[in-house]
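Asker:
In the numbering used here, the protein residues as written are 497 to 902.
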């Protein structure tokens, strides 16, 4: 706007001849353009003494008011002091009435090219905040987005979540992965769970509102997660502190869970990793140990048969009865790569089962009333009466799957 007004004034006033297009200068003066006002006074053109600047039709001079912008910036500065951030972005939500007035001007005068008032507000506030805060503006992925409501001068903050990748070991039975629908929230202690034991220390360190745990699959409540651990991403919602020491996070998780949960390979990552973990968990290789007590004695020859049958075997598995209420009823094909069997006593056998992710291992053993075929129970012609299951290994993910940085 200033550039256009300056060009109009230059055209209206010929410095060489001293001629003035009075009508244009008067219009510029009415808009409050200071150089035009000075020219009018210096030339003492007719009516200059009684002429008053009119308020801007669109914003009613709020954008010209240094006090308004100063007050908004001051309120924002008071609030953002609570947050650690390296970059920010300013956005504006402008009242419909103002946008309608702007559109009316464009339409009435047939203006082919124009810039929205929203861009002007964003630019002016952005410049002033950048000077005051000393942080960079980031248009693609800011740590903090400030949404200003114009002309009210109120604002809201959108804080980019922290995403922390890691692998957890669950060393105690009886823990679910999820803390429940509410996840882990500040000032609300959730039930003992993997999500609670990982999320609570992160809440404390980051002063966040909530932590969600996204796992690459999940083990049952009564199953241990051993070996190299299960991949996960902890999503830390609205963190006030971003610069945290991940080694300290590991220590706090171990202390808070009293050794029930251990985490390794912690690193900062981004949101895309969550979808990758979910998708790949159905295809990665996993190794289980199952100690199974059968109804009848098991012969060594039968165990040899099990190993033979389940070598690179495709398993047809209909959704297990125990999860049918929350899973679609359909048949899935999964691969068992290898089974090693070792007799522990007459009716007790240890199985090492190497298989594709997404296979329901308990049902591979029991047959689930014929919904999983073939099954170990079917091959042995023997009914399992107790299963103690542990996850020993989950295939590692590379840097291409879990990028570092936020």
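All C-beta atoms in this analysis are idealised placements derived from N, C-alpha and C, irrespective of residue type, glycine included.
Kindly confirm or deny that the region 840 to 856 and the region 782 to 790 touch, where touching means at least three C-beta pairs closer than 8 Å.
Answerer: Touching, yes, given that three or more Cβ pairs across the two stretches are closer than 8 Å.
Asker: Mind checking which residues open and close the alpha helix (DSSP H) that includes residue 670?
Answerer: Locating residue 670 in the chain shown gives position 174, where the first residue counts as 1. Residue 670 -> no alpha helix (DSSP H), and no H or E assigned at all.
Asker: With C-beta atoms as the reference, is residue 798 less than 9 Å away from residue 856?
Answerer: Within the chain shown, residue 798 is the residue found at index 302, counting from 1. Within the chain shown, residue 856 is the residue found at index 360, counting from 1. No, Cβ-Cβ distance for residue 798 and residue 856 is not below 9 Å.
Asker: Please report the straight-line C-alpha distance between residue 701 and residue 740, rounded to a whole angstrom.
Answerer: On the chain shown, residue 701 is found 205 positions in, with the first residue counted as 1. On the chain shown, residue 740 is found 244 positions in, with the first residue counted as 1. Each residue's alpha carbon lies about 7 Å from the other.
Asker: Rounded to whole angstroms, how far is the Cβ of residue 934 from the Cβ of residue 720, which I believe are closer than 8 Å?
Answerer: Absent from the model: residue 934. The displayed extent of the chain is 497 to 902, so no value can be given.
Asker: Among 734, 775, 637, 730, which residue has its Cα nearest to the Cα of residue 904?
Answerer: The chain is shown only over 497 to 902; residue 904 falls outside these bounds and no answer can be derived.
Asker: Within 10 Å of its beta-carbon, does residue 498 have 16 or more other beta-carbons around it, so buried, or fewer, so exposed?
Answerer: The count along the chain shown starts at 1 and reaches residue 498 at position 2. Under this definition residue 498 is an exposed residue.
Asker: Given a cut-off of 9 Å on the beta-carbon distance, is the pair residue 675 and residue 893 in contact?
Answerer: One-based indexing of the chain shown puts residue 675 at position 179. One-based indexing of the chain shown puts residue 893 at position 397. In this structure, residue 893 does not lie closer than 9 Å to residue 675 by Cβ.
Asker: With DSSP as the reference, label residue 765 as helix, strand or coil.
Answerer: What you label residue 765 is simply residue 269 of the chain shown in a count that begins at 1. If DSSP states are grouped into helix, strand and coil, residue 765 belongs with the strands.
Asker: Can you tell me whether DSSP reads residue 650 as helix, strand or coil?
Answerer: Translated into positions along the chain shown, residue 650 becomes position 154. In the structure shown, residue 650 sits in a strand (DSSP, three-state: E or B).
Asker: Alpha carbon to alpha carbon, how far is residue 707 from residue 604? Give it in angstroms, no decimals.
Answerer: As a position in the chain shown, residue 604 is number 108, starting the count at 1. As a position in the chain shown, residue 707 is number 211, starting the count at 1. Going from the Cα of residue 604 to the Cα of residue 707 covers about 52 Å.
Asker: Note down the Cα distance separating residue 826 from residue 696, rounded to an integer number of angstroms.
Answerer: For the purposes of this step, residue 826 is identified with residue 330 of the chain shown, where counting begins at 1. For the purposes of this step, residue 696 is identified with residue 200 of the chain shown, where counting begins at 1. In this structure, the alpha-carbon of residue 826 lies about 37 Å from that of residue 696.
Asker: For residue 829, report the span of its beta strand (DSSP E) as first-last.
Answerer: Your numbering for residue 829 matches position 333 in the chain shown. Here the beta strand (DSSP E) through residue 829 covers 827 to 841.
Asker: Identify, in the order they occur along the chain, each residue of the same chain with its Cβ nearer than 8 Å to the Cβ of residue 530, setting aside the five sequence neighbours on each side.
Answerer: On the chain shown, residue 530 is found 34 positions in, with the first residue counted as 1. Closer than 8 Å at the Cβ level, and outside the excluded window around residue 530, lies no residue.
Asker: Inspect the beta-carbon positions of residue 656 and residue 643 and report whether they are closer than 9 Å.
Answerer: Counting from 1 along the chain shown, the entry for residue 656 is found at position 160. Counting from 1 along the chain shown, the entry for residue 643 is found at position 147. No, they are not a contact pair.
Asker: Please state whether DSSP places residue 785 in a helix, a strand or coil.
Answerer: Residue mapping note: residue 785 aligns to position 289 of the chain shown, counting from 1. Residue 785: strand per DSSP, three-state reduction.
Asker: If you pair each beta-carbon of the region 577 to 590 with each one of the region 604 to 622, do three or more pairs fall below 8 Å?
Answerer: yes
Asker: CB-CB under 8 Å to residue 509, same chain, minus the five flanking residues each way: which ones, in chain order?
Answerer: As a working mapping, residue 509 is identified with position 13 in the chain shown. Cβ-Cβ distances below 8 Å link residue 509 to 515, 516, 517, 521, 535 in the same chain, with the five nearest sequence neighbours on each side left out; the list follows chain order.
Asker: Is residue 596 close to chain D, meaning its C-beta is less than 9 Å from at least one C-beta of that chain?
Answerer: Reference to chain D is not applicable here, since this structure consists of a single protein chain.
Asker: Comparing alpha-carbon positions, which option in 664, 670, 730 lies nearest residue 723?
Answerer: Numbered from its first residue, the chain shown carries residue 723 at position 227. Ranking 664, 670, 730 by Cα distance to residue 723 puts 664 first.
Asker: Cβ of residue 749 within 9 Å of Cβ of residue 759?
Answerer: Mapped onto the chain shown, residue 749 falls at position 253. Mapped onto the chain shown, residue 759 falls at position 263. Contact: yes.
Asker: With respect to the alpha helix (DSSP H) encompassing residue 589, which residues constitute its N-terminal and C-terminal limits?
Answerer: Residue mapping note: residue 589 aligns to position 93 of the chain shown, counting from 1. Run containing residue 589: none in the alpha helix (DSSP H); it sits in the beta strand (DSSP E), 583 to 590.
Asker: Can you tell me the Cα-Cα spacing of residue 794 and residue 756, whole angstroms?
Answerer: For the purposes of this step, residue 794 is taken as residue 298 along the chain shown, with counting starting at 1. For the purposes of this step, residue 756 is taken as residue 260 along the chain shown, with counting starting at 1. Rounded to the nearest angstrom, the two C-alpha atoms are 34 Å apart.
Asker: Which class does residue 531 belong to by DSSP, given the choice of helix, strand or coil?
Answerer: Position 35 of the chain shown holds residue 531. Three-state result, residue 531: helix.
Asker: Which runs of the alpha helix (DSSP H) at least 4 residues long sit entirely within the region 669 to 721? Give them in chain order.
Answerer: 690 to 702
Asker: Return the first residue and the last residue of the alpha helix (DSSP H) that residue 564 is part of.
Answerer: Along the chain shown, read from residue 1 onward, the residue named residue 564 stands at position 68. 562 to 576 is the extent of the alpha helix (DSSP H) around residue 564.
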